[in-house]
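Per our numbering, residue 21 is the first one in the sequence shown, and the count goes up by one each step.
Before any comments, here is the structure.
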Amino acid sequence: MLGVIGGPTLGWATGHPSDKTKRDNSEYERSTGASVGYRVTPFLGGALTDWFTFGLGVSFGSMTASEYNSSVVTFIAHIEVFPLYGHGGTYRDLGLALDFGTGVSTIHDKNTDEEVANSGALSSLGAGVFWEPLRFWHFATGPMIAYQRNFSRWYSRNDVAVGLRLMFYSDMP
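Right, here's the structure in full:
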């Protein structure tokens, strides 16, 4: 299985600079506030059964608001389950996804391009729901909605993406 998931996002990021003397000082905390952007997650994996897949990939995205923008890159393990697969029909194409991994995220001032917050190494957790009703040959596509939380001690970034997924499924000989 080879897939890519992506779409526009709505979210926010809050954090402190990487300077250790400023990390626990609320005076240096910066927040994007409500932001819009995008997130894209390509991954490669395999189906362990008809209703359970596992893959590895990278998730990256960017959000911007009036004063700040935030970017994120995470390396993830991607799990998908199709809990209604046994019911057949359109139900078999409804799935749930779970991502977990690690990465980095920053907040930059849009006017000066100065980095005002840095996550250092962060943890990433994500969950989503998708439906793959359109199929052609080995390809499947459809809508998805997913939430991703990225966090470290001095940083928090959350976003909700609504978009599409494009999957390529192949049978192994």
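Where is the CB? At the ideal position from N, CA and C, for every residue including glycine.
Non-local beta-carbon contacts of alanine 67 in its own chain, meaning distances under 7 Å to residues more than five positions away in sequence, involve Met21, Thr73 in chain order.
Per DSSP, reduced to three states, the secondary structure at aspartate 113 is helical.
The residues Phe95, in chain order, have a CB closer than 6 Å to that of valine 78 in the same chain once the five nearest residues on each side in sequence are set aside. If you draw a straight line from the Cα of histidine 36 to the Cα of aspartate 113, it is about 42 Å long.
For glycine 146 against methionine 164, the beta-carbon gap comes to about 11 Å, at or over 8 Å, which does not count as contact. Counted as a single uninterrupted DSSP element, the beta strand (DSSP E) harbouring arginine 59 occupies residues 55–69. Rounded to whole angstroms, alanine 181 and glycine 123 show a C-alpha spacing of 18 Å.
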